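Data first, discussion second: the structure below is written as structure tokens.
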Ligand SMILES: Cc1cc2nc3c(=O)[nH]c(=O)nc-3n(C[C@H](O)[C@H](O)[C@H](O)COP(=O)(O)OP(=O)(O)OC[C@H]3O[C@@H](n4cnc5c(N)ncnc54)[C@H](O)[C@@H]3O)c2cc1C
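In the numbering used here, the protein residues as written are 145 to 551.
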């Protein structure tokens with residue numbers, strides 16, 4: 145057993161930290177406040193470092209190491225989050241990295257040829273599209289309908305609270321979303337299908353919401369009216385959408401947790417540095433246990449979660465290369481634990497950091513308030529609410545009697 149990153153992983157981490165600290169960190173506030181979102185030179189620079197290619201095989205222009213895709217993804221997203229505490233650039237990146245992994249796993253040759261080279265080059269946004277106005281946790285009840293007619297699916301319905309509509313419009317084709325749709329309403333969750341919906345097809349309209357945080361990345365809703373989605377956009381098999389989307393969520397949740405942990409790590413560093421310099425009652429603030437112990441509590445959780453997250457990322461990759469090693473439940477409980485605890489840690493680390501800064505912490509002079517607003521998205525629901533994670537863990541540890549998702 146070896147708990148260290150490999151030499152290649154270490155070099156990747158060092159190279160991107162250096163670039164992100166120099167190029168992204170000074171612009172995080174601007175990204176949070178400028179309505180144009182993440183500047184093109186930032187996404188292009190990240191693409192050149194191979195960040196968007198970590199889950200894309202070489203034949204499509206990426207640099208994926210088989211079995212280590214999510215470990216590299218996790219490293220990248222942690223580093224991006226350290227540099228942009230608003231969570232805009234980390235979430236933008238984790239969506240494209242995570243859902244490209246799924247396009248590669250479940251997509252047809254034609255779809256992969258179309259989407260993956262552009263995603264790896266930072267020229268396309270790749271997102272996830274499951275939530276509907278009627279709810280996001282209970283996915284078996286979604287209504288957006290896709291009917292197969294010859295070479296196309298005719299799509300009608302509505303999706304809500306989805307990340308990236310503005311970014312899709314800005315980048316153009318082949319941007320789009322891995323989407324959950326109903327192909328057979330009589331079969332419940334077995335009638336759901338995973339389908340790539342290119343964002344620019346005729347019959348699609350979109351809106352955006354006004355969020356409280358993560359301002360550099362849009363969220364919005366889609367309306368589909370008789371949209372013709374080519375049949376080659378099918379992800380996996382018809383009727384297997386529920387299972388495939390759950391596989392995708394595990395991969396995405398590794399990266400979500402990585403974003404929250406990267407932010408928490410940076411917040412603890414900022415707080416400790418300020419607490420060391422700032423004096424009160426003749427000594428540095430950090431000498432008071434009332435202050436240092438809050439930071440220590442956050443650091444202890446961070447250290448354990450980073451290790452557990454690495455285990456989760458490794459398990460998915462190892463299972464992909466050595467099928468049958470782990471059950472879906474084994475993987476679910478590790479990753480749901482990380483997705484459940486990491487956003488709360490990010491929130492607490494931001495709050496404690498703000499407390500250490502006193503009145504200064506209530507201003508925009510520190511990036512900590514951006515983190516507080518940004519990680520809140522992952523507490524209220526994005527990529528699965530915290531109680532939904534607890535429900536998955538209860539179900540997979542203790543079986544149907546503890547399953548809150550069935551009556
Ligand atoms: C910033 C942001 C970005 C997002 N981006 C995307 C995206 O790109 N694509 C996408 O498809 N969706 C996206 N979402 C939506 C997200 O997936 C949903 O918010 C989430 O699935 C929860 O759905 P809901 O908001 O409809 O809440 P509901 O399903 O109505 O649930 C409301 C609350 O009840 C809790 N809850 C639900 N069931 C249980 C239970 N059994 N026991 C206890 N508590 C429960 C939930 O955790 C939640 O806190 C995003 C959300 C946010 C905030």
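Virtual Cβ for every residue (Gly too), placed ideally from N, Cα, C. Keep in mind it's a predicted model, so treat the numbers as computed, not measured.
Which residue marks the beginning of the beta strand (DSSP E) containing residue i, and which one marks its end?
{"i": "residue 339", "result": "336-342"}
{"i": "residue 302", "result": "296-307"}
{"i": "residue 272", "result": "270-273"}
{"i": "residue 546", "result": "Here residue 546 belongs to no beta strand (DSSP E), and DSSP marks it neither H nor E."}
{"i": "residue 321", "result": "320-326"}
{"i": "residue 348", "result": "348-352"}
Could you give the distance in angstroms between the alpha-carbon of residue i and the alpha-carbon of residue j?
{"i": "residue 366", "j": "residue 304", "result": "6 Å"}
{"i": "residue 511", "j": "residue 224", "result": "14 Å"}
{"i": "residue 404", "j": "residue 395", "result": "15 Å"}
{"i": "residue 319", "j": "residue 531", "result": "31 Å"}
{"i": "residue 375", "j": "residue 349", "result": "21 Å"}
{"i": "residue 380", "j": "residue 508", "result": "46 Å"}
{"i": "residue 309", "j": "residue 324", "result": "16 Å"}
{"i": "residue 267", "j": "residue 544", "result": "44 Å"}
{"i": "residue 299", "j": "residue 377", "result": "12 Å"}
{"i": "residue 538", "j": "residue 520", "result": "24 Å"}
{"i": "residue 407", "j": "residue 294", "result": "48 Å"}
{"i": "residue 556", "j": "residue 211", "result": "Residue 556 is absent from the structure shown; the chain starts at 145 and stops at 551."}
{"i": "residue 474", "j": "residue 277", "result": "32 Å"}
{"i": "residue 257", "j": "residue 479", "result": "30 Å"}
{"i": "residue 289", "j": "residue 465", "result": "35 Å"}
{"i": "residue 541", "j": "residue 481", "result": "12 Å"}
{"i": "residue 183", "j": "residue 292", "result": "39 Å"}
{"i": "residue 259", "j": "residue 515", "result": "31 Å"}
{"i": "residue 432", "j": "residue 386", "result": "51 Å"}
Between residue i and ligand 1, is the CB less than 7 Å from at least one heavy atom?
{"i": "residue 394", "result": "no"}
{"i": "residue 271", "result": "yes"}
{"i": "residue 358", "result": "yes"}
{"i": "residue 530", "result": "yes"}
{"i": "residue 282", "result": "yes"}
{"i": "residue 521", "result": "yes"}
{"i": "residue 228", "result": "no"}
{"i": "residue 548", "result": "yes"}
{"i": "residue 176", "result": "no"}
{"i": "residue 306", "result": "yes"}
{"i": "residue 365", "result": "no"}
{"i": "residue 524", "result": "yes"}
{"i": "residue 540", "result": "no"}
May I ask which residues mark the beginning and end of the alpha helix (DSSP H) holding residue i?
{"i": "residue 374", "result": "Careful: residue 374 lies outside any alpha helix (DSSP H), inside the beta strand (DSSP E) at 363-374."}
{"i": "residue 404", "result": "385-421"}
{"i": "residue 534", "result": "530-542"}
{"i": "residue 291", "result": "First-last for residue 291: 289-293, but that is the beta strand (DSSP E), not the alpha helix (DSSP H)."}
{"i": "residue 151", "result": "151-167"}
{"i": "residue 450", "result": "433-465"}
Taking Cβ positions, are residue i and residue j nearer each other than 8 Å?
{"i": "residue 602", "j": "residue 499", "result": "One cannot answer for residue 602 here, as it falls past the ends of the chain, which runs 145 to 551."}
{"i": "residue 412", "j": "residue 442", "result": "yes"}
{"i": "residue 561", "j": "residue 160", "result": "An answer regarding residue 561 cannot be provided, because it is not within the stretch 145 to 551 covered by the chain."}
{"i": "residue 240", "j": "residue 175", "result": "no"}
{"i": "residue 428", "j": "residue 419", "result": "yes"}
{"i": "residue 389", "j": "residue 274", "result": "yes"}
{"i": "residue 338", "j": "residue 312", "result": "no"}
{"i": "residue 495", "j": "residue 356", "result": "no"}
{"i": "residue 345", "j": "residue 307", "result": "no"}
{"i": "residue 200", "j": "residue 262", "result": "no"}
{"i": "residue 228", "j": "residue 155", "result": "no"}
{"i": "residue 402", "j": "residue 209", "result": "no"}
{"i": "residue 527", "j": "residue 391", "result": "no"}
{"i": "residue 414", "j": "residue 497", "result": "yes"}
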